[in-house]
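Visitor:
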Amino acid sequence: YNKKHSLQSCKNISTPLFLKSYWIRFCAMVLCAVFSVTALSAPKFSVNTYNHKVIQVPHYYEYDSNENPNGYWWCGHASLKMTLEAFGIKRDLQTIHKVFLEVDKLRGGTYNYTTKQESCKYQDYCADFGLIGETINWFKKNGFRISAKVTDSSRSSFVRDIKNNINSGKLMIVYSPHYRMSSDSNSWGEIKHFYVIHGYKVVGNKTYLYVRDPFQKITAYQTEYSNFDSDLWWSHIVENNVVRYVRVSEW
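All residue numbers for the sequence shown refer to this note's numbering, where the first residue is 22 and numbers rise by one.
Here is the structure:
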């Protein structure tokens, strides 16, 4: 979205006789710009049936050498990049890194973004889920139709919360104390990680999740996890009896 372009387009609107007042014309320009933002904001469903809903989310690899040449552990960055793009906001990993730096600085270093953290094996620039949520709301404050809330689910509400969020077009950037070591195995490592839950499918009495994992080097919309039993998923991402996540929606 290019604000300058939209405002220029608005300036080119011919003024009817009843809009000769400068202030009325100015308000018309502002309204035009606002509706230009709205047009880019809504996520789209690739599947939308009663028991099977999937929101379109592109896949991005956290170790993309063009955007992360130092090989930082940027699962949070890549998860945010995927989510932002689903809402029509395209930003590369380096830009997200710079925004993380700015937001953490504005908060007085609350999220320890520049500190080497034990949970990240003392790697540089690991994002906290609170920082991800705060950064999404930073985009909101800068005129984008996107909003975030850090929340959690208990065991009893986990599947219900996923369905309610996906049904209403909301994405979930999920924090996990573990990461899946490969896409074709059930081996998990003991390092914190972020995923994007963007859909579900009910088969009989089982619910399977659609998950984007930035640790896996796959391309665009071609491959995704769609066979994750929600019970198995819960067992790997639960911490202190809850699953924490950033719920992302329109305004």
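In this text, a Cβ means the ideal position worked out from N, Cα and C, and glycines have one as well.
Relative to the C-alpha of residue 74, which residue among 259, 187, 194, 235 is closest?
Guide: Numbered from 1 along the sequence shown, position 53 holds the residue referred to as residue 74. When each option's Cα is compared against that of residue 74, the closest is 187.
Visitor: Quick check on the DSSP output: the alpha helix (DSSP H) that includes residue 118 runs from which residue to which?
Guide: Counted from its first residue, the sequence shown places residue 118 at position 97. Its alpha helix (DSSP H) spans residues 114 to 127.
Visitor: When the distance is taken between beta carbons, is residue 219 closer than 9 Å to residue 258?
Guide: For the purposes of this step, residue 258 is taken as the residue at position 237 of the sequence shown. For the purposes of this step, residue 219 is taken as the residue at position 198 of the sequence shown. Not in contact: residue 258 and residue 219 (Cβ atoms no closer than 9 Å).
Visitor: Could you give the distance in angstroms between the alpha-carbon of residue 51 and the alpha-carbon of residue 111?
Guide: Residue mapping note: residue 51 aligns to position 30 of the sequence shown, counting from 1. Residue mapping note: residue 111 aligns to position 90 of the sequence shown, counting from 1. Its pLDDT being 39, under 50, residue 51 is placed unreliably by the model, and nothing is read from it.
Visitor: For the candidate residues 234, 250, 260, whose alpha-carbon lies nearest to that of residue 84?
Guide: Taking the sequence shown and counting its residues from 1, one reaches residue 84 at position 63. Closest option to residue 84, Cα to Cα, is 234.
Visitor: Taking contact to mean 3 or more Cβ pairs, one atom from each stretch, closer than 8 Å, check whether the segment 257 to 272 and the segment 163 to 170 are in contact.
Guide: yes
Visitor: Under the assumption that residue 278 contacts residue 156 (Cβ atoms under 8 Å), give the Cβ distance between them as a whole number of angstroms.
Guide: The structure shown does not extend to residue 278, since the chain is modelled only from 22 through 272, so no value can be given for it.
Visitor: What runs of the alpha helix (DSSP H), each 4 residues or longer, lie entirely inside the segment 154 to 240?
Guide: The alpha helix (DSSP H) runs of length 4 or more contained entirely in the segment 154 to 240 are, from start to end of the chain, 179 to 188.
Visitor: Whole angstroms are fine: how far does the CA of residue 133 sit from the CA of residue 71?
Guide: On the sequence shown, residue 71 is found 50 positions in, with the first residue counted as 1. On the sequence shown, residue 133 is found 112 positions in, with the first residue counted as 1. For residue 71 and residue 133, the distance between alpha carbons rounds to 42 Å.
Visitor: Quick one: what's got a C-beta closer than 7 Å to residue 115's C-beta in the same chain, skipping five residues either side?
Guide: Numbered from 1 along the sequence shown, position 94 holds the residue referred to as residue 115. Contacts found: 88.
Visitor: Measure the alpha-carbon distance for residue 161 versus residue 118 and round it to whole angstroms.
Guide: Here residue 161 refers to the residue found at position 140 when the sequence shown is read from its first residue. Here residue 118 refers to the residue found at position 97 when the sequence shown is read from its first residue. About 17 Å.
Visitor: What residue range is occupied by the uninterrupted beta strand (DSSP E) comprising residue 74?
Guide: Residue numbering aside, residue 74 sits at position 53 when the sequence shown is read from its first letter. Counting along the chain, the beta strand (DSSP E) containing residue 74 begins and ends at 73 to 76.
Visitor: Output the distance between the C-alpha atoms of residue 229 and residue 148, rounded to the nearest integer angstrom.
Guide: Position 208 of the sequence shown holds residue 229. Position 127 of the sequence shown holds residue 148. Each residue's alpha carbon lies about 27 Å from the other.
Visitor: Residues in the same chain with beta-carbon distance under 7 Å from residue 45, minus the five sequence neighbours each way, listed in chain order, please.
Guide: Position 24 of the sequence shown, counted from the first residue, corresponds to residue 45. Confidence at residue 45 is low in this model, with a pLDDT of 47, below 50, so its placement is unreliable and no value can be given for it.
Visitor: What does the alpha-carbon distance come out to for the pair residue 78 and residue 189?
Guide: Taking the first residue of the sequence shown as position 1, residue 78 is located at position 57. Taking the first residue of the sequence shown as position 1, residue 189 is located at position 168. For residue 78 and residue 189, the distance between alpha carbons rounds to 15 Å.
Visitor: Considering only DSSP beta bridges, list what residue 70 is partnered with.
Guide: As a first step, residue 70 is located in the sequence shown; it is residue number 49 there, counting from the start. Partner(s): 73.
Visitor: For the alpha helix (DSSP H) that residue 100 lies in, which residues bound it at each end?
Guide: If you number the sequence shown from 1, residue 100 lands on position 79. That run of the alpha helix (DSSP H) goes 96 to 107.
Visitor: To the nearest angstrom, report how far apart residue 152 and residue 105 are at their CA atoms.
Guide: For the purposes of this step, residue 152 is taken as the residue at position 131 of the sequence shown. For the purposes of this step, residue 105 is taken as the residue at position 84 of the sequence shown. Distance between the alpha carbons of residue 152 and residue 105: 15 Å.
Visitor: Within its chain, find whatever has a CB closer than 6 Å to the CB of residue 222; leave out the 5 residues flanking it on each side and keep chain order.
Guide: As a working mapping, residue 222 is identified with position 201 in the sequence shown. These residues qualify, in order along the chain: 73, 229.
Visitor: Buried or exposed, going by whether 16 or more other CB atoms sit within 10 Å of the CB of residue 174?
Guide: Reading the sequence shown from its first residue, position 153 is the one you call residue 174. Sixteen is the threshold: when 16 or more other Cβ atoms of the shown chains lie within 10 Å of the Cβ of residue 174, as they do, the residue is buried.
Visitor: Which of the three DSSP states is assigned to residue 250 in this structure?
Guide: Sequence index remark: in the sequence shown, residue 250 carries index 229 (1-based). Looking at residue 250 - three-state DSSP - the assignment turns out to be strand.
Visitor: Could you work out which residue in 108, 80, 125 is closest to residue 63 when comparing CA atoms only?
Guide: For the purposes of this step, residue 63 is identified with residue 42 of the sequence shown, where counting begins at 1. Selected option, being the one with the closest Cα: 108.
Visitor: So what does DSSP say about residue 52, is it helix, strand or coil?
Guide: Here residue 52 is taken as the residue at index 31 of the sequence shown, counted from 1. In this prediction, residue 52 scores a pLDDT of 38, lower than 50, which makes its location untrustworthy; no coordinate-derived value is stated.
Visitor: Would you mind reading off the limits of the beta strand (DSSP E) that contains residue 263?
Guide: On the sequence shown, residue 263 is found 242 positions in, with the first residue counted as 1. Unbroken run through residue 263: none, as it is neither H nor E.
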